[in-house]
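Taking it in order: structure first as structure tokens, then the write-up.
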Amino acid sequence: MNKAQTKIVTGATPLKRKVFVVMMLLLPILFFALLEVGLRLAGYGEHYPLFEPVPGYASYKRPNEDVARRYFASIEKVPGIPFDSFRAVKDSNTFRIFVQGGSTAAGFPFYFSGSFPDMLEQRLLQSFPGRNIEVVNTAMAAVGSYTLADLADEIIAEEPDLVLIYAGHNEYYGALGVGSSESLGRSPVVVRAYLKLQNLRLVQGLRSLLSSAAAAFQGRERGQRPGATLMERMVGRQRIPYDSRIFRDGLRQFRYNLGDILERYRDAGIPVLIGTVASNVRDQPPFISRPAAATDIKRWQARLASTRDQIARGDSSAALRSLEEMIRTDSLAADPFYLIGRLYDGRKQFAAARRAYVMAKDRDELRFRAPEAINRIIRETASRFGATVVETEQALAAVSAGGIPGSDVMTEHLHPNIDGYFNIADSFYDALRSGRFVGEWAGAISRETARRELLVTPIDSIAGLYRIQSLMSSWPFRPAGAAPLPLDTIAASTEEGRLALRVFEREMRQLDALDELQKHYTRNGNYVGALKALLSIIQRYPFLPNPYLAAANIMIAQGRYQEAIEYCEASLDRLDSADGRRMLGSLLVQAGRNAEAIPHLERSVQIEPSSLQALYNLAGAYALTGQFVRARETGARVLELYPGHQDTRRLLASLPGS
23 MNKAQTKIVT
33 GATPLKRKVF
43 VVMMLLLPIL
53 FFALLEVGLR
63 LAGYGEHYPL
73 FEPVPGYASY
83 KRPNEDVARR
93 YFASIEKVPG
103 IPFDSFRAVK
113 DSNTFRIFVQ
123 GGSTAAGFPF
133 YFSGSFPDML
143 EQRLLQSFPG
153 RNIEVVNTAM
163 AAVGSYTLAD
173 LADEIIAEEP
183 DLVLIYAGHN
193 EYYGALGVGS
203 SESLGRSPVV
213 VRAYLKLQNL
223 RLVQGLRSLL
233 SSAAAAFQGR
243 ERGQRPGATL
253 MERMVGRQRI
263 PYDSRIFRDG
273 LRQFRYNLGD
283 ILERYRDAGI
293 PVLIGTVASN
303 VRDQPPFISR
313 PAAATDIKRW
323 QARLASTRDQ
333 IARGDSSAAL
343 RSLEEMIRTD
353 SLAADPFYLI
363 GRLYDGRKQF
373 AAARRAYVMA
383 KDRDELRFRA
393 PEAINRIIRE
403 TASRFGATVV
413 ETEQALAAVS
423 AGGIPGSDVM
433 TEHLHPNIDG
443 YFNIADSFYD
453 ALRSGRFVGE
463 WAGAISRETA
473 RRELLVTPID
483 SIAGLYRIQS
493 LMSSWPFRPA
503 GAAPLPLDTI
513 AASTEEGRLA
523 LRVFEREMRQ
533 LDALDELQKH
543 YTRNGNYVGA
553 LKALLSIIQR
563 YPFLPNPYLA
573 AANIMIAQGR
583 YQEAIEYCEA
593 SLDRLDSADG
603 RRMLGSLLVQ
613 AGRNAEAIPH
623 LERSVQIEPS
633 SLQALYNLAG
643 AYALTGQFVR
653 ARETGARVLE
663 LYPGHQDTRR
673 LLASLPGS
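Below, the structure written as structure tokens:
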């Protein structure tokens with residue numbers, strides 16, 4: 023205060039002095055409140071809820087494709103989120119599951135029917151045909167436990183019956199992680215406070231200013247290699263040594279956030295199944311391997327090179343002795359452990375090989391793969407808060423050669439292939455069954471049937487291959503600064519490959535590509551492939567009526583008439599259409615259910631008065647139910663519109679009194 027203010031306060035009554043002090047304290051708050059209101063009125067800033075209505079289908083919701091903008095301040099092209107839909111109002115027949123996690127839970131590189139949430143949903147729908155099963159995937163690439171914690175309350179608000187979590191690889195380089203280019207520091211309390219305040223336009227403005235300044239100062243984003251992958255852009259600190267302070271900070275961050283997530287779900291009465299995380303330990307060498315700072319690096323590198331020469335000469339015993347001596351001298355470097363793993367692997371001593379591979383992975387200073395401590399935290403925290411651990415890492419090991427996850431279940435360093443994703447889905451399915459979730463499991467689908475009937479299409483597989491090519495043509499799979507390898511598009515010589523390439527290059531939506539694929543297959547008589555594409559669409563877009571009708575047409579061609587009737591009915595539940603009524607009515611006539619057919623055919627004619635097929639089938643249904651006057655009238659209408667229709671003439675001639 024200045025002298026005049028001091029004089030006023032000194033000479034005022036105690037009450038006035040208190041009022042004055044309160045006003046002085048409130049002025050900054052009032053200023054910022056008015057500034058916040060002004061920014062909102064001016065349209066500054068954004069609000070990104072987790073869920074939003076599906077455009078044109080207000081009775082359904084979907085994850086907001088822009089929700090990742092909450093967590094990425096300096097990256098313009100943020101990760102997407104899978105398109106999944108669920109009913110805005112949950113009914114008593116619905117069993118609703120939400121999935122949380124990073125890129126593996128999202129389904130990279132295949133997504134859609136190649137993701138484990140979609141595989142699980144498909145199998146549950148087959149197991150419980152009378153229930154409405156919703157598996158809603160909220161996973162995104164490059165996000166860690168901060169994101170999962172931030173989204174938990176919005177998931178709780180949508181009344182889940184169960185939450186599945188597969189996460190843990192992104193605690194260092196995921197959004198807001200301790201080693202990330204998007205990091206806000208090492209304190210979980212501070213980061214979580216920021217996330218609580220991020221809807222304020224003032225906070226958004228401050229974040230934008232700081233991000234722009236950081237980008238200009240550090241050369242991030244603007245100065246990065248054009249076309250840099252998200253994996254490349256997210257790394258803020260490449261070297262994070264084993265058991266260093268920042269290494270422990272990542273574990274502390276994960277434990278803090280996971281405990282909060284599981285506690286909130288427990289308090290809301292929502293059960294949680296959480297999977298242990300797996301990575302490629304056999305076929306992915308360490309990205310960055312360095313000894314401790316005190317070690318003579320030149321001597322260490324020479325010793326390692328000499329040991330590699332011994333391995334190349336086939337002298338594995340001498341190499342093993344040399345590597346073990348290196349580890350006794352310095353246990354921080356990853357490469358010696360990895361080479362020991364390779365040697366034991368070659369001898370088929372798989373238990374020893376696995377131990378060495380895991381120690382190598384834990385000492386890889388480029389922290390894309392979760393250390394083993396992450397799985398320990400998952401088990402400990404789940405036990406503390408009553409969540410169920412699903413040993414997905416063990417499930418993948420069980421189907422890997424020698425019990426060691428490698429390229430037989432992985433596409434690169436940690437994302438599973440189709441078989442790998444199926445085994446994760448299978449593990450969660452077994453956990454649901456063991457926990458007696460959903461209902462009675464009399465209709466459980468066997469593992470063999472589920473694998474055989476997966477809805478993965480060539481578009482999913484080929485687009486996945488393109489994504490893997492793109493990822494592995496860049497750092498850290500290739501040296502920093504190396505030009506990316508050109509994309510091998512030989513698969514695009516087929517219709518499936520052409521469509522997959524357009525999906526990969528974001529020139530075509532997956533929905534449109536699958537629709538084109540089913541039409542292509544139908545034209546060429548590949549009804550099995552066409553139906554698989556249609557069922558994939560139906561699972562992801564259950565509110566669209568036309569795929570049900572197209573599937574019914576395929577089923578008619580296959581002689582599966584009762585199933586065709588059910589799909590026609592499903593289409594009509596979504597949209598009352600002339601085609602749907604005509605097809606259903608015709609199927610019912612064919613099944614001898616003429617009385618049931620008549621209302622559908624009448625409605626079809628009402629919508630489309632000149633439909634030859636509907637009119638002819640309606641005349642036939644009238645005749646078969648003894649309504650001969652109506653049959654004649656309807657037949658006459660057909661001949662009025664289509665004078666040369668001989669089947670109608672024969673029908674009329676067969677009527678009594680003709």
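Under our numbering, read the sequence shown as residues 23 to 680, first letter to last.
All residues carry an ideal CB built from backbone N, CA and C; glycine is no exception.
Of the listed residues the options, nearest to residue i (C-alpha basis)
i	options	result
residue 113	82, 196, 438	82
residue 256	635, 303, 498	498
residue 586	565, 600, 126, 612	612
residue 359	368, 373, 383	383
residue 602	179, 570, 564, 151	570
residue 562	88, 107, 95	107
residue 131	390, 262, 482, 676	482
residue 477	137, 92, 75	137
residue 490	506, 479, 401, 501	506
residue 366	169, 80, 338	338
residue 472	71, 119, 141, 104	141
residue 387	400, 418, 353, 553	353
residue 439	397, 475, 333, 301	301
residue 391	309, 445, 254	309
Per DSSP, the bridge partner or partners of residue i
i	result
residue 195	Note: residue 195 sits in no beta bridge, so no partner.
residue 297	188, 412
residue 486	Answer is none; residue 486 lacks a bridge partner.
residue 121	159, 186
residue 116	154
Element boundaries [alpha helix (DSSP H), containing residue i]
i	result
residue 329	319-334
residue 103	Per DSSP, residue 103 belongs to no alpha helix (DSSP H) and is neither H nor E.
residue 309	Where residue 309 is concerned, there is no enclosing alpha helix (DSSP H), given that its DSSP letter is neither H nor E.
residue 267	267-289
residue 432	Run containing residue 432: none; DSSP gives neither H nor E here.
residue 292	First-last for residue 292: undefined, no H or E at that position.
residue 611	600-612
residue 470	469-474
Helix, strand or coil at residue i [DSSP, three-state]
i	result
residue 81	strand
residue 258	coil
residue 405	helix
residue 138	helix
residue 712	This structure does not reach residue 712, given that the chain is present from 23 up to 680, and the question cannot be answered.
residue 350	helix
residue 165	strand
residue 664	coil
residue 35	coil
residue 632	coil
residue 676	helix
residue 1	There is simply no residue 1 to check, as the chain begins at 23 and stops at 680 in what is shown.
residue 564	coil
residue 580	coil
residue 542	helix
residue 218	helix
residue 425	helix
residue 548	coil
residue 591	helix
residue 69	coil
residue 99	coil
residue 640	helix
residue 209	coil
residue 129	coil
Limits of the beta strand (DSSP E) - the one that residue i falls within
i	result
residue 73	73-76
residue 159	154-159
residue 528	Where residue 528 is concerned, there is no enclosing beta strand (DSSP E), given that its DSSP letter is neither H nor E.
List in chain order: all unbroken alpha helix (DSSP H) runs of 4+ residues lying wholly within the region 438-462. 440-456
Mind listing, in chain order, the continuous alpha helix (DSSP H) runs of no fewer than 4 residues lying wholly within the region 344-398? 357-368, 372-385
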